[in-house]
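Everything below concerns the one structure shown next.
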Amino acid sequence: MKINPIHSFDLSLDEMRAIQHSLRQQIRLTPYLGQPRLVAGVDLAYFPDNQQAVAVIAIMDYASKQLVETVHCQDTVSQEYIPGFLAFRELPLFLKAWEQVQSEPDLVFFDGNGMLHPERVGLATHASFFIDKPTIGIAKKHFMGEYREPGPERGSMERIWDQGEIIGAVLRTQDGVKPIYVSVGNHVDLPLSLRLALHFVGKESRIPEIIRRADMLTRQIRKQMLDSLESQK
DNA sequence: GCGACAG
DNA sequence: ATCTTGTCGC
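In our numbering, the protein residues as written are 21 to 253.
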């Protein structure tokens, strides 16, 4: 996979804001994918020291939902978490893992927001400028924007607004269960993002399977590393 | 000043 | 995100 090195990291708040501001104008909501064949899900897990982390990319077949490839990368994460700047913390490690991907995903889901962001450049959106793929953000908790509570049935959704703009949607993925927050990353529109997100929600979880698999692998790998470290004592 | 605040 | 066991409920 090819990488587009656009920015370095370890920047000041003002520099990070400036980057977000410039990227914002390059977002395209025109879907440039037909029927996706392979879809990737990304997640990170942190070690107790909060300095090391594992990034996992899980790739599955869209139609069969079978896992076709997984890659992971473990390294130090230097940038602290600052609300609104998650991308600067998590993208470097993600990109290192991305270099190892052999298959060709048509779309990438991120654990976090896309345009559901003060500058419309959340993790999923920011990532799209490095990997040049359609991206979608899936957050488990509310970050910003105003919305009405969606109905209690699976599939109910409500738009999320900010400054007169629709920046995402709250989606009820299971009857009577807490909703998730879906937003466009790049190169997709919101209705398609919602449709694709719902496609990956089975009966077992409120989180789309593509994200959940990455999340599970992330914890599994971290446990393996901690266990083998412990057994060496 | 106070509360909110993706992962 | 992470630290953590059992436990209330469908």
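Glycine included, each C-beta is placed from N, C-alpha and C at the ideal position.
The structure presented is a predicted model; accordingly, all values stated were derived computationally and were not measured.
Per-residue DSSP class, three states only, for T96: strand
Classification of E110 by the beta-carbon crowding that lies within 10 angstroms, buried from 16 upward: buried
Taking the straight line between their C-alpha atoms, what separation do you get for L237 and E166? 33 Å
Going by C-alpha distance, which of F108, I151, H207, V190 is nearest Y201? V190
Any contact between the segment 69-77 and the segment 107-124? By contact I mean 3 or more CB pairs, one from each, below 8 Å. yes
Restricting to Cα atoms, I'd like to know which of P228, I180, V204, V141 is closest to R174. P228
Hey, could you find the ends of the beta strand (DSSP E) M177 is sitting in? 177-182
Euclidean distance between Cα positions of H219 and Q99: Distance between the alpha carbons of H219 and Q99: 34 Å.
CB D5 to CB L53, shorter than 9 Å? Any property of residue 5 remains undetermined from this structure, which presents the chain solely from 21 to 253.
Could you please give me the residues that DSSP links to N206 through a beta bridge? Paired residue(s): T155.
Following the continuous beta strand (DSSP E) through I227, name the residue where it begins and the one where it ends. Premise fails: I227 is in no beta strand (DSSP E) and is neither H nor E.
Pick helix, strand or coil for F114, following the three-state DSSP scheme. Note: F114 maps to helix in three-state DSSP.
Is the beta carbon of E178 closer than 9 Å to that of R185? Here the sequence assigns Glu to residue 185, which means Arg is not the residue at that position. The answer is no: Cβ separation not under 9 Å.
Run through DSSP, which three-state label would E119 get? Reduced to three states, the DSSP call for E119 is coil.
Buried or exposed for P25, please, with buried defined as at least 16 other CB atoms from any protein chain shown within 10 angstroms of its CB. Only weak support exists for where P25 lies, its pLDDT of 45 falling under 50; the value from the coordinates is given anyway. With fewer than 16 other Cβ atoms within 10 Å, it is exposed.
Integer-rounded CB distance, given that Q120 should sit under 8 Å from V91: 4 Å
Rounded to the nearest angstrom, how far is the Cβ of S203 from that of G157, given a contact under 8 Å? 5 Å
Host beta strand (DSSP E) of M80 (start-end): Segment 72-81, the beta strand (DSSP E) holding M80.
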